[in-house]
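Asker: This is the structure I have questions about; it appears just below.
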């Protein structure tokens, strides 16, 4: 099929992947209202077209945490990415590295830190949850530091797992899940050969390293479910701030007061995010949450944003509403599932080109020029 957008990659991934994997990445929590609003609200933000401004010299380059990025985009941490292509975290990391942007490895990746970090030139980012097993957390932090990871992304919006109805229906969880997954794989021979057979081991690499034994999908659901910590508070992050001497980003902020708390805590950045609509359904879309947060803390802390971003126009919209950098989750996993690392590379090039069109026609020659002036001001009412 012809590929020209993240939506095309989504359809290609739907065809190629077993349903339990496609619906795991495609779905959200409960009735998925927030999942839908993430995309719909962002698409309604109107850009202000300007012309005849000599846009012959254009730069997407930006600085973040003393790193130079070729464009203001990073790849988000996504669990089980290694199930979407053979050793998928490595392939996605290499694609991001070639483009000159950060890749963030999930705590629950298939490929461990020690496999992914040596495959790329630039420092990798690492994502961590607050878990009951503090020994695992310390072990993961020590290994991330030893591997040269530059930035810690701390996800705080998962003190409990969200209710994801699709997973029970698709075979990711629920009755006879293992048998259902096996049967689905039989009807997707390309995935079964390339990933199911040749992409082994299919364990949770970082957790296996710590436990000293192989882990699998049952452990992903079981171990994480029993280790999420609903007692999490800011004090639980203090020892991590003391241990980690690089940039620390708090992911999962939707309220200006929480953003202010992150500043007071001493975080270097926040990610305005609702976990892609996968946690609490009915909360604000990132589009609606971002402007008041930017009003509250812009300039005091770096602001990243994710959830709902599917193209370069969306990146420009987020930047114009106050983000310093955007993070891609679903979009890159669709591309990875459809075409491996080559798909991720192509998607990033598409986003680059789409950003250049948007910047040219809004009169923004640099990333710093992408401000609220690039939006139709009446549209601000939609996000407040």
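Residue numbers (the UniProt record's numbering): 1 to 384. Ideal Cβ placement from N, Cα and C applies to all residues, glycine included. Please read these numbers as outputs of a predicted model, since none were measured by experiment.
With which residues is residue 327 paired in a DSSP beta bridge?
Answerer: Here residue 327 refers to the residue found at position 327 when the chain shown is read from its first residue. In DSSP, residue 327 forms a bridge with 74.
Asker: Would the beta-carbon of residue 187 be found less than 7 Å away from any heavy atom of the ligand FMN?
Answerer: Of the ligands one can find in the structure shown there are none, so the ligand FMN has no counterpart to examine.
Asker: Less than 8 Å between the C-beta atoms of residue 272 and residue 254, yes or no?
Answerer: The count along the chain shown starts at 1 and reaches residue 272 at position 272. The count along the chain shown starts at 1 and reaches residue 254 at position 254. Against a cut-off of 8 Å, the Cβ pair of residue 254 and residue 272 comes out as a contact.
Asker: If the criterion is Cβ atoms closer than 8 Å, does the pair residue 348 and residue 44 meet it?
Answerer: Translated into the one-based positions of the chain shown, residue 348 becomes position 348. Translated into the one-based positions of the chain shown, residue 44 becomes position 44. For residue 348 and residue 44, no; Cβs fall outside 8 Å.
Asker: Ignore the nearest five residues each way along the sequence and tell me which others in residue 47's own chain have a CB closer than 8 Å to its CB.
Answerer: Sequence index remark: in the chain shown, residue 47 carries index 47 (1-based). For residue 47, where only same-chain residues beyond five positions count, the Cβ hits under 8 Å are 313, 316, 317, 320, 358, 361, 362, 374, 375 and 376.
Asker: Assuming residue 279 and residue 162 make a contact with CB atoms under 8 Å, what is their CB distance in whole Å?
Answerer: Residue numbering aside, residue 279 sits at position 279 when the chain shown is read from its first letter. Residue numbering aside, residue 162 sits at position 162 when the chain shown is read from its first letter. Correct: roughly 4 Å between the Cβ atoms.
Asker: Using DSSP bridges, identify the partner residues of residue 154.
Answerer: Translated into positions along the chain shown, residue 154 becomes position 154. Residue 154 is bridged to 128 and 250.
Asker: How far does the alpha helix (DSSP H) with residue 90 in it reach, from first residue to last?
Answerer: Here residue 90 is taken as the residue at index 90 of the chain shown, counted from 1. Start and end: 88 to 99.
Asker: Can you give me the C-alpha to C-alpha distance between residue 7 and residue 75, rounded to a whole angstrom?
Answerer: Taking the first residue of the chain shown as 1, we reach residue 7 at position 7. Taking the first residue of the chain shown as 1, we reach residue 75 at position 75. Distance between the alpha carbons of residue 7 and residue 75: 17 Å.
Asker: At what residues does the alpha helix (DSSP H) containing residue 67 begin and finish?
Answerer: Reading the chain shown from its first residue, position 67 is the one you call residue 67. Residue 67 -> not in any alpha helix (DSSP H); beta strand (DSSP E) instead, spanning 67 to 69.
Asker: Do residue 81 and residue 92 have their C-beta atoms within less than 8 Å of each other?
Answerer: What you label residue 81 is simply residue 81 of the chain shown in a count that begins at 1. What you label residue 92 is simply residue 92 of the chain shown in a count that begins at 1. It is a contact, given that the beta carbons lie within the stated cut-off.
Asker: Closest to residue 258 by C-alpha separation, out of 66, 245, 223 and 297, would be which residue?
Answerer: Numbered from 1 along the chain shown, position 258 holds the residue referred to as residue 258. The shortest Cα separation from residue 258 among 66, 245, 223 and 297 belongs to 297.
Asker: Residue 59 and residue 366: beta carbons closer than 8 Å?
Answerer: The residue labelled residue 59 in the question sits at position 59 within the chain shown. The residue labelled residue 366 in the question sits at position 366 within the chain shown. Yes, these two residues count as a Cβ contact at 8 Å.
Asker: For residue 383, does the three-state DSSP call read helix, strand or coil?
Answerer: Taking the chain shown and counting its residues from 1, the one referred to as residue 383 is at position 383. For residue 383, the predicted structure reports a pLDDT of 48, less than 50, and the residue's modelled location is therefore unreliable. A value from the coordinates is still provided. Helix at residue 383.
Asker: From what residue to what residue does the beta strand (DSSP E) around residue 215 run?
Answerer: Taking the first residue of the chain shown as 1, we reach residue 215 at position 215. It is not in any beta strand (DSSP E) - residue 215 carries neither H nor E in the DSSP assignment.
Asker: Go ahead and pull the three-state DSSP assignment for residue 3.
Answerer: As a working mapping, residue 3 is identified with position 3 in the chain shown. Here residue 3 sits in coil by DSSP.
Asker: Count the other C-beta atoms from every protein chain shown that fall within 10 angstroms of the C-beta of residue 235, then say buried if there are 16 or more, exposed otherwise.
Answerer: Reading the chain shown from its first residue, position 235 is the one you call residue 235. The residue in question, residue 235, is exposed, as its Cβ has fewer than 16 Cβ neighbours within 10 Å.
Asker: Could you tell me the boundaries of the alpha helix (DSSP H) in which residue 135 lies?
Answerer: Position 135 of the chain shown holds residue 135. Here the alpha helix (DSSP H) through residue 135 covers 134 to 146.
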